[in-house]
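This report refers to the structure that appears directly beneath it.
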Amino acid sequence: MSYTTFDFSVADHVAHLRFNRPDKRNAMNRAFWQEIRHVFAAEIGTQRADVRVVVISSTGPHFTAGMDLSAFTDIAAVTGDPARRRERFRRELLAYQDSFTVIEKCRVPVLAAIQGGCIGGGVDMVSACDMRYCTGDAFFVIKEIDLGMTADVGTLQRLPHLIPQGLVRELAYTGRNMPADEALRCGLVNRVYNDQQAMLDDVMGIARDIAAKSPLAVHGSKEMINYARDHTVDEALNYMSVWNAAFIHGEDMPEAFRAMQEKRPPRFLDLAVGDKS
1 MSYTTFDFSV ADHVAHLRFN RPDKRNAMNR AFWQEIRHVF AAEIGTQRAD VRVVVISSTG
61 PHFTAGMDLS AFTDIAAVTG DPARRRERFR RELLAYQDSF TVIEKCRVPV LAAIQGGCIG
121 GGVDMVSACD MRYCTGDAFF VIKEIDLGMT ADVGTLQRLP HLIPQGLVRE LAYTGRNMPA
181 DEALRCGLVN RVYNDQQAML DDVMGIARDI AAKSPLAVHG SKEMINYARD HTVDEALNYM
241 SVWNAAFIHG EDMPEAFRAM QEKRPPRFLD LAVGDKS
């Protein structure tokens, strides 16, 4: 499938998804929400066995301005019985939410490389990523409060797991900018870079390092971290025992030990792909 709101390429087991609407500040129009869901749920999720890591980056001075205002116009244009309008709105909102939930549930790590403004829906999206990196001019804004609405696509559900509760509340209630240095101090981003090219070079290097590891072990690590976030320690430990009982007896550990003994890079099989159903 060809995409209209971002470029998509794969090299060295790393998929690179790059927003390509800089003239619109990479605002998320209706096509974007459909395309982002398709690339993660279908292409990366069930078709591309060679993808082991995903990097999301952008073009122009800003990462994304968030929701394109045309999407709000589409919602307001719906007419008819009030109850049915609201039922339709709920279904559409769940679909918007799923557009970023597929990032969180993607079995491979997803890294976000952010420059300039990461606004509104941009915060929803990067909150669903595994790691975030940014340039010194980056800033993060929960902009929905200034539009008279509550952020509803994942920020308020995921951000409290990434940074302190009091800070989340301040950002959500005030709509103020969080600059890059503050994002680094509170742990929202892992590193801050002088410019976008330096950031992309380093983030791609991190992605290649991850891609060189056992894809099954990386997938298991992401699964366990996400599960532990949402469950008790006892529940997470129990799930860990089931996971390793199922997957530790494959070829990856023997290959890792052989590679160490032979002083060479390990050669791991790709994960299997196929229809989720």
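If you're matching positions, the sequence shown starts at 1 in the UniProt record's numbering and goes up one per residue. Every residue, glycine too, gets a C-beta built ideally from N, C-alpha and C.
* Collapsed DSSP secondary structure at Arg264 in the structure displayed -> coil
* Asked: Which whole-angstrom value describes the C-beta separation of Arg21 and Asp7, a residue pair presumed to lie in contact below a C-beta threshold of 8 Å?
  -> Going by Cβ atoms, the distance from Arg21 to Asp7 rounds to 11 Å, so no, they are not a contact pair.
* Asked: Exposed or buried, which one is residue 281 when buried takes at least 16 other CB atoms within 10 Å?
  -> In the structure as shown, the chain begins at 1 and stops at 277. Residue 281 is therefore absent and cannot be evaluated.
* Asked: According to DSSP, which residues form a beta bridge with His16?
  -> Ser9 and Val55
* What alpha helix (DSSP H) runs, 4 residues minimum, are completely inside the stretch 68-120? -> 69-76 and 82-105
* Quick one: using the 10 Å Cβ neighbour count with 16 as the cut-off for buried, is His16 buried or exposed? => buried
* Who are the near neighbours of Asp195 in its chain, counting only those whose CB is closer than 7 Å to its CB and skipping five residues on each side? -> Thr135
* Asked: To which residues of the same chain is Glu255 closer than 7 Å at the C-beta, ignoring the five residues directly before and after it?
  -> Pro266, Arg267 and Phe268
* Return the chain-ordered ranges of every beta strand (DSSP E) run that is complete within the stretch 117-187 and spans a minimum of 3 residues. => 117-119, 131-135 and 139-141
* Integer Cβ distance of Val51 from Ile44, believed to fall under 8 Å -> 5 Å
* Through-space distance from Ala128 to Ala183, alpha-carbon basis -> 16 Å
* Less than 8 Å between the CB atoms is what I'm expecting for Cys118 and Ala138, so what's the real figure, rounded? => 6 Å
* When you compare each of Ile206, Leu93, Lys222 and Val141 to Asp12 by their alpha carbons, which one comes out closest? -> Ile206
* When the Cα atoms are used, what is the spatial distance from Lys24 to Thr4? -> 13 Å
* Could you round the C-beta distance between Val39 and Met204 to whole angstroms and report it? I think they count as a contact, below 8 Å. => No, Val39 and Met204 are not in contact; Cβ-Cβ is about 18 Å, not under 8 Å.
* Asked: Hey, how far is the Cα of Leu69 from the Cα of Arg85?
  -> 20 Å
* If you run the structure through DSSP and keep just helix, strand and coil, what is Gly274? -> coil
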